[in-house]
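Numbering (my numbering), first residue to last: 5 to 294.
Backbone N, C-alpha and C fix where the C-beta goes; we use that ideal spot for every residue, glycine too.
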Amino acid sequence: MKQSLLKTFVLAVVACIGTFSFGQDFQGKAYYKTKTTIDMSQFGGGRQISPDQMKRMQERMKSFLEKEYVLTFNKEESIYKEEERLEAQGSGGWGGFASSFTGGPKYKNVKDKELIQDQEFFGKQFLIKDQLKNLEWKMGSETKQIGNYTVFKATATKPVTGFDWRSMRRRQPENNKKEKDSTKSTDADDPMNEVEIPKTIEVVAWYTPQIPINQGPDDYWGLPGLILEVNADRTTILCTKIVMNPKEKDNIKKPEKGEVVTQQEYTDITTKKMQEMRDNWRGRRGGRRN
Numbered sequence: 005m006k007q008s009l010l011k012t013f014v015l016a017v018v019a020c021i022g023t024f025s026f027g028q029d030f031q032g033k034a035y036y037k038t039k040t041t042i043d044m045s046q047f048g049g050g051r052q053i054s055p056d057q058m059k060r061m062q063e064r065m066k067s068f069l070e071k072e073y074v075l076t077f078n079k080e081e082s083i084y085k086e087e088e089r090l091e092a093q094g095s096g097g098w099g100g101f102a103s104s105f106t107g108g109p110k111y112k113n114v115k116d117k118e119l120i121q122d123q124e125f126f127g128k129q130f131l132i133k134d135q136l137k138n139l140e141w142k143m144g145s146e147t148k149q150i151g152n153y154t155v156f157k158a159t160a161t162k163p164v165t166g167f168d169w170r171s172m173r174r175r176q177p178e179n180n181k182k183e184k185d186s187t188k189s190t191d192a193d194d195p196m197n198e199v200e201i202p203k204t205i206e207v208v209a210w211y212t213p214q215i216p217i218n219q220g221p222d223d224y225w226g227l228p229g230l231i232l233e234v235n236a237d238r239t240t241i242l243c244t245k246i247v248m249n250p251k252e253k254d255n256i257k258k259p260e261k262g263e264v265v266t267q268q269e270y271t272d273i274t275t276k277k278m279q280e281m282r283d284n285w286r287g288r289r290g291g292r293r294n
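Shown next, in the form of structure tokens:
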């Protein structure tokens with residue numbers, strides 16, 4: 005009981021310190037590194053993959069499995085952008101395919117509950133406009149240090165929208181058997197039959213009341229402090245540097261280019277495209293068998 009009261013007191017103190025340190029026109033930048041882990045041995049199509057082959061595959065995929073972003077924020081708005089860098093050689097193939105699902109700048113306005121996402125999908129530009137949805141965070145008492153900041157733990161269950169390759173995994177044997185039993189022989193070799201994406205994932209976030217804004221990287225927000233770390237399924241987002249009130253402030257602009265769609269409309273578009281690709285693959289396989 006005493007320990008719980010002490011942590012509550014510490015939280016209140018750091019929140020107050022942070023509150024008095026910010027003016028009305030402040031701006032900050034948080035730099036993040038993201039890493040997604042994929043077990044490539046699951047997708048060998050039944051073939052054994054040697055350690056050397058696995059290493060080469062991981063190197064080719066590194067350019068989109070590991071990225072760097074910057075979150076520019078004030079009290080109400082933020083924009084989350086990937087930092088520009090030279091593309092690693094050999095990032096084509098499956099890496100180029102997966103990069104079609106990587107988003108562009110993401111704008112959040114926590115006052116107006118506004119979300120705008122710049123998104124390219126197979127060469128077409130979309131502008132996803134939707135209401136900013138919050139997660140039902142469960143506040144924990146666990147703390148740790150990230151750099152100079154004391155961070156507190158919060159957890160939530162997040163629905164997976166659309167074709168999120170970051171959560172893609174091999175289908176469980178019992179589910180896979182049902183799928184194969186209900187398909188034609190030409191579908192049995194379909195690699196997508198081996199893959200599933202969960203409907204929800206568990207999220208662990210670490211936020212600091214020392215920066216008392218409810219912003220965070222990517223889709224994450226809604227905590228009483230800037231989110232410095234996120235562990236969501238197989239993806240980790242970690243803040244590596246924070247710059248408060250930089251001498252040269254950026255203009256936080258809403259993305260403007262692209263066909264305007266809602267998140268549900270965009271999910272429908274990507275789902276239809278993936279089904280078309282799957283049907284085309286089946287057609288080619290069927291043609292080769294004849």
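Its chain contains Lys37 and Glu233 as the residues whose beta carbon lies nearer than 6 Å to that of leucine 242, once the 5 sequence neighbours on both sides are disregarded; these appear in chain order. In this structure, glutamine 31 keeps its C-beta atom at 8 Å or more from the C-beta atom of isoleucine 132. CA-CA distance, proline 259 to aspartate 56, rounds to 42 Å.
In the three-state reduction of the DSSP assignment, glutamine 214 falls in the coil class. If you keep only unbroken beta strand (DSSP E) runs of at least 3 residues inside the stretch 222-246, you get 230-236.
Judged by beta-carbon spacing, phenylalanine 130 lies within the 8 Å limit of valine 265, meaning their Cβ atoms are closer than that value.
Aspartate 122: member of the beta strand (DSSP E) spanning 118-125, first to last residue. Between the alpha carbons of proline 163 and asparagine 152 lies a distance of about 32 Å.
In the three-state reduction of the DSSP assignment, aspartate 29 falls in the coil class, being assigned neither a helical nor a strand state.
Below 8 Å, too few C-beta pairs join the stretch 111-121 and the stretch 143-158 to call them touching: fewer than three. Counting only residues of its own chain and dropping the five nearest sequence neighbours on each side, leucine 139 has a CB closer than 8 Å to the CB of Ala160, Thr161, Lys162, Val207, Tyr224 and Gly226. Put simply, of Asn284, Gln279 and Ile273 the residue whose alpha carbon is nearest the alpha carbon of phenylalanine 125 is Ile273. Burial state of asparagine 255 is exposed, judged by a 10 Å Cβ sphere holding fewer than 16 other Cβ atoms. Residue pairing by DSSP places serine 145 opposite no residue, since no beta bridge is assigned to it.
Less than 8 Å divides the Cβ of arginine 238 from the Cβ of threonine 41. Of the candidates Gln121, Tyr270 and Thr165, Thr165 places its Cα closest to the Cα of lysine 203. CA-CA distance, threonine 271 to lysine 277, rounds to 10 Å.
Remark: C-beta atoms of proline 213 and lysine 33 do not approach each other more closely than 8 Å. In the structure shown, aspartate 283 adopts helical secondary structure according to DSSP, grouped into three states. Glutamate 72: member of the beta strand (DSSP E) spanning 70-77, first to last residue.
Minimum Cα-Cα distance from valine 74 among the listed residues Tyr84, Pro228, Glu80 and Thr240 corresponds to Tyr84. Across the set Ile215, Ile217, Ala236 and Pro216, the C-alpha of Ala236 shows the shortest separation from the C-alpha of alanine 209. According to the DSSP assignment, aspartate 134 belongs to the beta strand (DSSP E) that extends over 128-135. Closest in alpha carbon position to lysine 128, among Tyr211, Gly107 and Ile120, is Gly107. By the Cβ neighbour-count rule, asparagine 284 is exposed, with fewer than 16 other Cβ atoms within 10 Å of its own.
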